[in-house]
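Just so we're aligned: the sequence shown equals residues 7 to 374 in our numbering.
Accompanying notes for the structure given below.
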Amino acid sequence: MSGVAMTRPDCPASGPRSPGFFLPHPTRPRPCADVPSPSMPTSTHPTGPATHEPALRAAQMHLCKPAEPALATVTRSELCTASKKAAGFVRHIELSVAGTPLAGACTPGQSVGVLPPGTDEHGKPHKLRLYSLASPTAGEDGHGQTIATTVKRSIDEHWTTHRLFAGVCSNYLCDLKPGDTVKLTGPSGKKFVLPENPSEHDYVFFATGTGIAPFRGMALDLLRGGPAVAAPGSKIALVMGSPYSTDLLYHDLFTELARTSPDLAYLPAISREPNGLHGRMYVQDRLVTDRDRLEALLKSPRTLVYICGIAGMELGIFQRLARVLAGSDLEQYLAVDRAAMENIDGWERSMIHRQVAPTRRVLLEVYA
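This is the structure in structure tokens:
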């Protein structure tokens, strides 16, 4: 997975100080994007052996284009972090798309484009930003008339000028109140959605940050059934990575879903503070602390792995998979060069899709 150098249009070339703000791969929508996306971007499905390739759900695409966007109305906006003391501000925003082509046309794993008002420093209209859907297929209202997304405010400081940088679109969206309107395009993306027959599969979801958005919608589809799922029954393991427990997104929802559904295992991974009996950990470390549970799931020919979040997280997951699984169990998810298999610690991201090739049973949506 190669990257292309880009410059944030509303930030100096040297970039802001914080390492937490990166530029997305130009062909992938990021779940919480504050950089302009190119026209009609789509996620790139991992390459690799097509054995056990799932047939993905048909997804409607580009019903609303920038020249004729849908006019949506904000119906709800609330913080979705586990605590108001979280390090960042992340909001769950619901939008009524009733009466527009987007109504009933969106599926988890897709994105919608947001056209923020105003102009940039060159006097040109701000460009499109993509945000992942966080709602189930039936929407927040059960009829596909209200969709949701997950937005993190982008606030930082310029390296050279020490002036405050505020992301254009994220702050625009987070400032909106119920009753305000917003211009939307899309939906976009068709390669990070659930299978055509979801109940035929089990799932391991890995998320960091706002990468949790599509898994909120997918989990609600799978656990509650609805128009996209014939019947609940799939086993799901959701591994959610966060630096602090206060920053976990939709934590109360997933905790309640796991309490009421034996089919869901909700496994937070906290990297900068002790995490119960296990101490600090990243998402891939759950493959060790919960090996019995996850190994059994991963050895099943039914299981698919979805990964969404910060670019680089997939490397750690792949390395851990190569240590936990062996032989045909590993080959379900990764085709690994023999030399690479002898030096797992030496893997680099540049090797992914080459010496370390995800199969079609691994679906990636990562952003830099």
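Ideal placement from N, C-alpha and C gives every residue a C-beta, glycine not left out.
- Annotated as distal: residue 153 and residue 210, with beta-carbon spacing of 7 Å or more.
- Residue 183 holds the alpha-carbon nearest to the alpha-carbon of residue 98 among 167, 183, 77, 196.
- Along the stretch 65-95, the beta strand (DSSP E) occurs as fully enclosed runs of 3 or more residues at 76-85, listed in sequence order.
- Closest by C-alpha distance to residue 203, out of 355, 348, 59, 353, is 59.
- Straight-line spacing of the CA atoms in residue 249 and residue 90 works out to 15 Å.
- Setting aside the 5 residues that flank it on each side, residue 308 is surrounded in the same chain by 207, 208, each with a C-beta closer than 6 Å to its C-beta; the list follows chain order.
- At the C-beta level, residue 330 and residue 301 come within 7 Å of one another.
- With respect to the 7 Å criterion, residue 241 and residue 258 are not classified as neighbours on the basis of their beta carbons.
- C-alpha of residue 129 to C-alpha of residue 138: approximately 28 Å in a straight line.
- In this model, residue 173 and residue 161 are separated by some 6 Å (Cα to Cα).
- With contact defined as three or more Cβ pairs closer than 8 Å, the stretch 139-148 and the stretch 212-221 are in contact.
- The DSSP-derived three-state label of residue 171 is strand.
- Look at residue 251 here: in three-state DSSP terms it is helix.
- For residue 191 against residue 101, the beta-carbon gap comes to about 13 Å, at or over 8 Å, which does not count as contact.
- Under DSSP, no beta-bridge partner is assigned to residue 334.
- The way I'd put it, the stretch 342-350 doesn't touch the stretch 310-319; fewer than three beta-carbon pairs between them come closer than 8 Å.
- In the same chain as residue 335, and ignoring 5 residues on each side of it, the C-beta atoms closer than 8 Å to its own belong to 304, 305, in chain order.
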